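Peer 1: In the order they appear, the protein sequences are chains A and B. The first sequence begins at 77 in our numbering and counts up by one. The second sequence begins at 77 in our numbering and counts up by one. Built from N, CA and C at the ideal position, the CB exists for glycine as well. For clarity, every value in this text was computed on a predicted model and none was experimentally measured. Take this structure, written in structure tokens, and hold onto it; I'll ask about it next.
2 protein chains.
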Amino acid sequence: MDQQRLRGVMAPVLTPMDGNLNPDVLRWIALCKELLSNGCTGLAPFGTTSEANSLGIEERIEMLDRAVEAGIPASKLVVGTGTCALPDTVRLSAHAATLKCAGILLLPPFYYKGVPEEGIYRSVAELLERVGDSSLKIYLYHIPPVAVVGFSLALIERLKKAFPMNVVGMKDSSADLAFHLSALKAFPDFDLWAGTEKLLLANLAGGGVGTISAMANVIPAEIRALYESWREPGAEDWQSALDSHRAAIKEWPLVPALKAIKADETGVDEWRLTRPPLVGLGDAQAQAMLAAYRATFAG
Amino acid sequence: MDQQRLRGVMAPVLTPMDGNLNPDVLRWIALCKELLSNGCTGLAPFGTTSEANSLGIEERIEMLDRAVEAGIPASKLVVGTGTCALPDTVRLSAHAATLKCAGILLLPPFYYKGVPEEGIYRSVAELLERVGDSSLKIYLYHIPPVAVVGFSLALIERLKKAFPMNVVGMKDSSADLAFHLSALKAFPDFDLWAGTEKLLLANLAGGGVGTISAMANVIPAEIRALYESWREPGAEDWQSALDSHRAAIKEWPLVPALKAIKADETGVDEWRLTRPPLVGLGDAQAQAMLAAYRATFAG
Numbered sequence: 077m078d079q080q081r082l083r084g085v086m087a088p089v090l091t092p093m094d095g096n097l098n099p100d101v102l103r104w105i106a107l108c109k110e111l112l113s114n115g116c117t118g119l120a121p122f123g124t125t126s127e128a129n130s131l132g133i134e135e136r137i138e139m140l141d142r143a144v145e146a147g148i149p150a151s152k153l154v155v156g157t158g159t160c161a162l163p164d165t166v167r168l169s170a171h172a173a174t175l176k177c178a179g180i181l182l183l184p185p186f187y188y189k190g191v192p193e194e195g196i197y198r199s200v201a202e203l204l205e206r207v208g209d210s211s212l213k214i215y216l217y218h219i220p221p222v223a224v225v226g227f228s229l230a231l232i233e234r235l236k237k238a239f240p241m242n243v244v245g246m247k248d249s250s251a252d253l254a255f256h257l258s259a260l261k262a263f264p265d266f267d268l269w270a271g272t273e274k275l276l277l278a279n280l281a282g283g284g285v286g287t288i289s290a291m292a293n294v295i296p297a298e299i300r301a302l303y304e305s306w307r308e309p310g311a312e313d314w315q316s317a318l319d320s321h322r323a324a325i326k327e328w329p330l331v332p333a334l335k336a337i338k339a340d341e342t343g344v345d346e347w348r349l350t351r352p353p354l355v356g357l358g359d360a361q362a363q364a365m366l367a368a369y370r371a372t373f374a375g
Numbered sequence: 077m078d079q080q081r082l083r084g085v086m087a088p089v090l091t092p093m094d095g096n097l098n099p100d101v102l103r104w105i106a107l108c109k110e111l112l113s114n115g116c117t118g119l120a121p122f123g124t125t126s127e128a129n130s131l132g133i134e135e136r137i138e139m140l141d142r143a144v145e146a147g148i149p150a151s152k153l154v155v156g157t158g159t160c161a162l163p164d165t166v167r168l169s170a171h172a173a174t175l176k177c178a179g180i181l182l183l184p185p186f187y188y189k190g191v192p193e194e195g196i197y198r199s200v201a202e203l204l205e206r207v208g209d210s211s212l213k214i215y216l217y218h219i220p221p222v223a224v225v226g227f228s229l230a231l232i233e234r235l236k237k238a239f240p241m242n243v244v245g246m247k248d249s250s251a252d253l254a255f256h257l258s259a260l261k262a263f264p265d266f267d268l269w270a271g272t273e274k275l276l277l278a279n280l281a282g283g284g285v286g287t288i289s290a291m292a293n294v295i296p297a298e299i300r301a302l303y304e305s306w307r308e309p310g311a312e313d314w315q316s317a318l319d320s321h322r323a324a325i326k327e328w329p330l331v332p333a334l335k336a337i338k339a340d341e342t343g344v345d346e347w348r349l350t351r352p353p354l355v356g357l358g359d360a361q362a363q364a365m366l367a368a369y370r371a372t373f374a375g
């Protein structure tokens, strides 16, 4: 395996908004640095938790430029670039490649539903052709609960075979343990990331490389600790402790809940803002959520 | 009702691709002109049938500029501008407004699923605020079979009430007759378009304004004839004849099938190309589809 490739715990970095519902880039860069200092082995900016698909193409390009200029190492970044439209995906992916980012996290084109796998295959093939950078590393982003369109095992196999130097891994956010285990078994030479820390122990035991987890925005060190000690006694208890934090907030929408935790941690109320169509938690909701969440750390 | 507002038969114009899978803009403009000469009362470029969500933001802007430069009247255009990301939607919508297009066809932000209606409401409110053109006419684009996210009657009512000069109509592509009739009844002062010509008679009988129909790309005159004569004897037979054309191709994916019909009509084989993730019909599929389709005109 390529020694350069990332492993461990990555955060799909939350995108703080300002009062005009535009990204607060300085606050975002500060969070990126904080996460890398406090447990994350890498970052996946522009994932689902980042509200990436609510960001404009130009916004994403500017944010990434500014992050790299601010000293965030491109070698630690797997950048979400998948959109519905090939030219936009090409533009974002080529930009990430130019900055020498570690890779891209690629949603399939997700507007049309029920498309043939051949069509998704061609979208990846055409992307590689148009970007024209043989070093581009693609991590497939499988998240059928949101994107609906996803990557089957058969399609992954075909893509790996056709583009072995490029299609190197996947973030599996299916939240489907059986699928995750099947993928681990089918592709031992593939960098398989659990899309939730709930599957971190299962992922590592099955030969996976770690987790790209929304919760890593708020408890990076706790998740990293499990990654580092998963073979040791007590790992299952630690997994259960992680699970309890997530379970406490599961009745609230995830991105607004995580932003409310950030607002509480930092005292910056703007942290609660989300861009439409997501809606931030109200005061009472946030208080109830925070009480439940904080209680899971009391033990 | 505003005398300027469009009624009748609109085509969500197919987007011909060239051998590099880029839009063939000259061929597209020629189709736009042909459709306006042969039955369409207006055009809805960049709908689902147009593969709009497979086109880049820049591509859409350039295509619309060139169409207007080529003499397509902006007053006949309701332009699809809805994307997942507010800034991209704002950019496309402001561009359409600047060109004095008749309106925009607005998908809700469709990446996140299960979002609160408040979030969709805010996305429309924020769009209007950012475009800042009080004359902007919005046609909501309700197509839950593809976008999953849609507009409920309660949300439509709220949007109409908040923005009565802007939110003036809807393309209902739910293909759900009961919903369509409910919307017609609930909003008699709303420009309600049937998203399929299958519901044209029901739409007009219920006080709707016509249809924005994929099939109008290939049989605009036939659909227009029903629009013009729907109160006359024989209208139901004419509706049945229209239905038979669509029924003949329903086992094939719609956009590839329509493109194969265009290729057959024009002798231009490139017409069969689609951009990934859609996949054009193979030779045998196209032949079988065309035979079934042509047979419906034989009587």
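Among residues of its own chain, excluding the 5 on either side of residue 335(B), which ones have a beta-carbon nearer than 7 Å to its beta-carbon?
Peer 2: Once the five neighbours on either side are set aside, the close Cβ partners of residue 335(B) are 90, 347, 348, 350, 356.
Peer 1: First and last residue of the beta strand (DSSP E) that includes residue 269(A)?
Peer 2: Segment 267-270, the beta strand (DSSP E) holding residue 269(A).
Peer 1: In terms of alpha-carbon separation, which member of 230(A), 270(A), 251(A) lies closest to residue 299(A)?
Peer 2: Ranking 230(A), 270(A), 251(A) by Cα distance to residue 299(A) puts 270(A) first.
Peer 1: Whose Cβ in chain B lies nearer than 7 Å to the Cβ of residue 164(A)?
Peer 2: The answer, in chain order, is 132, 133.
Peer 1: Could you say if the region 134-153 of chain B and the region 319-331 of chain B meet the contact criterion of at least three C-beta pairs nearer than 8 Å?
Peer 2: The region 134-153 of chain B is not in contact with the region 319-331 of chain B.
Peer 1: DSSP on residue 340(A), reduced to helix/strand/coil?
Peer 2: Helix.
Peer 1: Provide the residue span of the beta strand (DSSP E) that contains residue 87(A), from first to last.
Peer 2: It spans 84-87 - the beta strand (DSSP E) in which residue 87(A) sits, taken as one unbroken run.
Peer 1: Assign residue 176(A) to buried or exposed, taking buried as 16 or more other Cβ atoms, counted over all protein chains shown, within 10 Å of its Cβ.
Peer 2: Per the 10 Å Cβ criterion, exposed.
Peer 1: Can you find a C-beta in chain B that's less than 9 Å from the C-beta of residue 159(A)?
Peer 2: So, interface residue.
Peer 1: I'd like to know if residue 355(A) contacts chain B, where contact means its C-beta is closer than 9 Å to some C-beta of that chain.
Peer 2: Residue 355(A) counts as touching chain B.
Peer 1: So with CB distances below 7 Å, who are the chain A contacts of residue 232(B)?
Peer 2: Near residue 232(B) there are no residues of chain A at all, since even the closest Cβ is about 16 Å away, more than 7 Å.
Peer 1: On the CB-based measure, 16 or more other CB atoms within 10 Å of its CB, does residue 310(B) come out buried or exposed?
Peer 2: The residue is exposed, with fewer than 16 neighbouring Cβ atoms inside 10 Å.
Peer 1: Could you tell me if residue 78(B) is buried or exposed, where buried requires 16 or more neighbouring beta carbons within 10 angstroms of its beta carbon?
Peer 2: Below a pLDDT of 50, predicted positions are generally treated as unreliable, and residue 78(B), at 47, falls in that range; the measurement from the model is reported next regardless. With fewer than 16 Cβ atoms within 10 Å of its Cβ, residue 78(B) is classed as exposed.
Peer 1: For the region 191-206 of chain A, list every residue whose C-beta sits within 7 Å of some C-beta in chain B, in sequence order.
Peer 2: Residues 191, 192, 194, 195, 196, 198, 199, 202.
Peer 1: Assuming contact is defined by CB atoms lying nearer than 9 Å, are residue 188(B) and residue 98(A) in contact in what I supplied?
Peer 2: Not in contact: residue 188(B) and residue 98(A) (Cβ atoms no closer than 9 Å).
Peer 1: Would you say residue 97(A) faces chain B, with C-beta separation under 9 Å as the test?
Peer 2: Yes - at least one Cβ of chain B is within 9 Å of the one on residue 97(A).
Peer 1: Would you list the one or two residues that DSSP bridges to residue 246(B)?
Peer 2: The partner list for residue 246(B) (beta bridge, DSSP) reads 216(B), 268(B).
Peer 1: Which first and last residues belong to the beta strand (DSSP E) in which residue 154(B) is found?
Peer 2: Its beta strand (DSSP E) spans residues 154-156.
Peer 1: Quick check on the DSSP output: what are the complete alpha helix (DSSP H) runs of length 4 or more inside the region 143-192 of chain B, in order along the chain?
Peer 2: The region 143-192 of chain B contains these whole alpha helix (DSSP H) runs: 162-174.
Peer 1: For chain B, is any of its Cβ atoms less than 9 Å away from the one on residue 186(A)?
Peer 2: So yes, residue 186(A) belongs to the interface.
Peer 1: Could you tell me whether the region 201-214 of chain A touches the region 164-172 of chain A, using the rule of 3 or more Cβ pairs below 8 Å?
Peer 2: Yes, they touch.
Peer 1: From which residue to which residue does the alpha helix (DSSP H) around residue 288(B) run?
Peer 2: Where residue 288(B) is concerned, there is no enclosing alpha helix (DSSP H), although the beta strand (DSSP E) it sits in stretches over 286-288.
Peer 1: Quick check on residue 338(B): buried or exposed, where buried means 16 or more other Cβ atoms within 10 Å of its Cβ?
Peer 2: Residue 338(B) is buried by the Cβ-count criterion.
Peer 1: Sorry if obvious, but does the Cβ on residue 291(A) come closer than 8 Å to a heavy atom of the ligand ATP?
Peer 2: With respect to the ligand ATP, the structure shown offers nothing to examine, as it has no ligands at all.
Peer 1: Nearest chain A C-beta to residue 78(B) closer than 9 Å, yes or no?
Peer 2: Per-residue confidence for residue 78(B) stands at a pLDDT of 47, beneath the threshold of 50, marking its modelled position as unreliable; no derived number is given.
Peer 1: Classify residue 315(B): buried if its beta carbon has 16 or more other beta carbons within 10 angstroms, exposed otherwise.
Peer 2: Under this definition residue 315(B) is a buried residue.
Peer 1: Out of 162(B), 313(B), 230(B), state which residue places its alpha-carbon closest to the alpha-carbon of residue 277(B).
Peer 2: It is 313(B) whose Cα lies nearest to the Cα of residue 277(B).
Peer 1: Hey, residue 293(B) and residue 125(B) are a contact pair by Cβ (cut 8 Å); roughly how many whole angstroms apart?
Peer 2: Right, their Cβ atoms sit about 7 Å apart.
Peer 1: Please report the straight-line C-alpha distance between residue 286(B) and residue 268(B), rounded to a whole angstrom.
Peer 2: C-alpha separation (whole angstroms): 7 Å.
Peer 1: Checking contacts by CB at 9 Å: is residue 120(B) closer than that to chain A?
Peer 2: With 9 Å as the cut-off, residue 120(B) does not count as an interface residue toward chain A.
Peer 1: Based on the DSSP secondary-structure assignment, which residues constitute the bridge partners of residue 99(A)?
Peer 2: 93(A).
Peer 1: From the DSSP output, which residues share a beta bridge with residue 400(B)?
Peer 2: This structure leaves residue 400(B) out entirely; chain B is present only between 77 and 375.
Peer 1: What are the residues of the region 210-228 of chain A that lie near chain B, defined by any Cβ-Cβ distance shorter than 7 Å?
Peer 2: Taking 7 Å as the Cβ-Cβ cut-off against chain B, the residues of the region 210-228 of chain A that qualify are 222, 224.
Peer 1: Residues of chain B with CB under 7 Å from residue 129(A), in chain order?
Peer 2: The answer, in chain order, is 160, 161, 187.
Peer 1: Taking the alpha helix (DSSP H) that residue 291(A) belongs to, which residues open and close that run?
Peer 2: Looking at the DSSP string, residue 291(A) is not in any alpha helix (DSSP H), and its letter there is neither H nor E.
Peer 1: Alpha carbon to alpha carbon, how far is residue 288(A) from residue 178(A)? Give it in angstroms, no decimals.
Peer 2: Roughly 14 Å separates the two Cα atoms.
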